[in-house]
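What follows is a set of notes on a single structure, which appears directly below.
Residue numbers (this note's numbering): 8 to 331.
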């Protein structure tokens with residue numbers, strides 16, 4: 008079936024994109040999203056240029072982020088457990104969280120699903136965060152009317168590693184339920200919170216070192232340096248983002264140039280209120296080659312921060328000149 012092939016492609020894409028998006032927004036790439044413009048596309052283009060007189064220059068570390076020679080840590084399911092619990096019971100649909108286990112693609116929250124409605128459904132995840140960090144997930148489960156399914160919500164392993172998560176203590180997510188045939192939305196659940204057996208007294212280590220670029224309105228963006236090999240797409244500027252603003256936000260970049268040449272850069276990071284994220288500004292190697300750029304010496308850009316509920320621009324940052 009077409010849906011199954013789409014699901015296979017989705018998993019393959021997410022495995023590759025994990026190195027690009029880091030601990031980014033946690034909606035599952037899926038057929039429903041592909042059928043409508045993204046929230047990012049709904050935001051108006053910037054109406055006026057930021058004054059270059061407000062440009063701020065900051066110097067990044069001269070050395071690029073080095074690949075660790077030590078074994079990277081990852082969350083291990085044998086370290087934690089959960090109590091079986093109902094996490095959704097509405098619209099004739101029942102979902103239980105039954106356990107945590109390791110899988111090929113990361114760590115799985117195992118699920119039991121009953122579809123007692125008269126519609127075939129697809130269930131996906133949204134806005135997932137682990138220990139306060141936005142993480143990428145894999146989940147798109149089809150359940151025919153009147154049928155049951157044993158499924159799972161996968162916390163993508165590379166995303167957990169980038170956040171430094173080696174124990175899963177606190178899980179937050181939403182379930183997005185649509186009609187399997189028409190993709191019409193049935194429901195988006197309230198925030199689902201699950202505490203594991205290690206939750207009590209747990210504190211997630213946070214590496215917020217680096218050069219502070221933005222620290223305004225409760226939103227902080229920190230430059231953690233240039234990485235040449237963290238993404239197969241091309242080099243990246245690694246960022247740490249905190250959102251203590253009073254709304255969910257999307258962080259994007261505008262007017263990006265490398266060594267004086269305008270280039271396309273990939274970044275659109277959703278961060279829920281009170282949550283953190285490791286993200287990156289990614290440059291396509293093909294774009295750099297087209298402009299004859301072998302080494303990134305200077306990057307100029309500014310950030311646009313968008314209210315993810317109203318899609319209005321909260322503010323545009325100063326223009327930053329980052330030297331490497």
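We put the beta carbon where it would ideally sit given N, CA and C, even for glycine. Values in this document were obtained by computation on a predicted structure and should not be read as measured data.
Review point. Near residue 324, what residues of its chain come up, given a Cβ to Cβ distance below 6 Å and the 5 sequence neighbours on each side ignored?
Key: Position 317 of the chain shown, counting from 1, holds the residue named residue 324. So the qualifying residues of the chain are 221, 309 and 310.
Practice item. Would you grab the beta carbon distance between residue 276 and residue 257 for me? Rounded to a whole angstrom, and I think it's under 8 Å. Key: As a working mapping, residue 276 is identified with position 269 in the chain shown. As a working mapping, residue 257 is identified with position 250 in the chain shown. Here residue 276 really is in contact with residue 257; their C-beta atoms are around 7 Å apart, less than 8 Å.
**Study point:** For residue 235 and residue 318, the rounded distance between their alpha carbons
**Key:** By one-based count along the chain shown, residue 318 stands at place 311. By one-based count along the chain shown, residue 235 stands at place 228. If I take the Cα positions, the gap works out to 32 Å.
Exercise for review: Find out if the Cβ-Cβ distance for the pair residue 321, residue 314 is shorter than 9 Å.
Suggested key: One-based indexing of the chain shown puts residue 321 at position 314. One-based indexing of the chain shown puts residue 314 at position 307. Yes, Cβ-Cβ distance for residue 321 and residue 314 is below 9 Å.
Practice item. Tell whether a beta-carbon distance below 9 Å holds between residue 305 and residue 331. Key: Your numbering for residue 305 matches position 298 in the chain shown. Your numbering for residue 331 matches position 324 in the chain shown. Yes, the Cβ-Cβ distance between residue 305 and residue 331 is below 9 Å.
Check your understanding: How many angstroms separate the CA atom of residue 173 from the CA atom of residue 180?
Key -> As a position in the chain shown, residue 173 is number 166, starting the count at 1. As a position in the chain shown, residue 180 is number 173, starting the count at 1. Distance between residue 173 and residue 180, taken at the CA atoms: about 19 Å.
Practice item. Could you tell me the boundaries of the alpha helix (DSSP H) in which residue 169 lies? Key: Here residue 169 is taken as the residue at index 162 of the chain shown, counted from 1. In the DSSP annotation of this structure, the continuous segment of the alpha helix (DSSP H) that includes residue 169 starts and ends at 164 to 169.
Point to revise | Alpha-carbon spacing of residue 204 relative to residue 118, whole angstroms | key: The residue given as residue 204 occupies position 197 in the chain shown. The residue given as residue 118 occupies position 111 in the chain shown. Cα-Cα distance, rounded: 17 Å.
Review point. By Cβ distance below 7 Å, which residues in the same chain neighbour residue 196 in space, the five residues on each side in sequence not counted?
Key: Taking the first residue of the chain shown as position 1, residue 196 is located at position 189. Hits under 7 Å: 95, 181 and 182.
Practice item. Apply the 10 Å Cβ neighbour rule to residue 141 and answer buried if 16 or more other Cβ atoms are within range, or exposed otherwise. Key: Taking the first residue of the chain shown as 1, we reach residue 141 at position 134. Flag for residue 141 reads buried.
Check your understanding: Should residue 175 and residue 138 be called a contact, given that it needs their Cβ atoms to be closer than 9 Å?
Key -> Taking the chain shown and counting its residues from 1, the one referred to as residue 175 is at position 168. Taking the chain shown and counting its residues from 1, the one referred to as residue 138 is at position 131. The answer is yes: Cβ separation under 9 Å.
Exercise for review: Write down the C-beta distance between residue 225 and residue 251 rounded to the nearest angstrom, noting that I regard them as a contact closer than 8 Å.
Suggested key: Taking the first residue of the chain shown as position 1, residue 225 is located at position 218. Taking the first residue of the chain shown as position 1, residue 251 is located at position 244. Yes, residue 225 and residue 251 are in contact; Cβ-Cβ is about 4 Å, under 8 Å.
Practice item. Could you tell me the distance, in whole angstroms, from the CA atom of residue 4 to the CA atom of residue 271? Key: Since the displayed the chain opens at 8 and closes at 331, residue 4 lies outside it and no answer follows.
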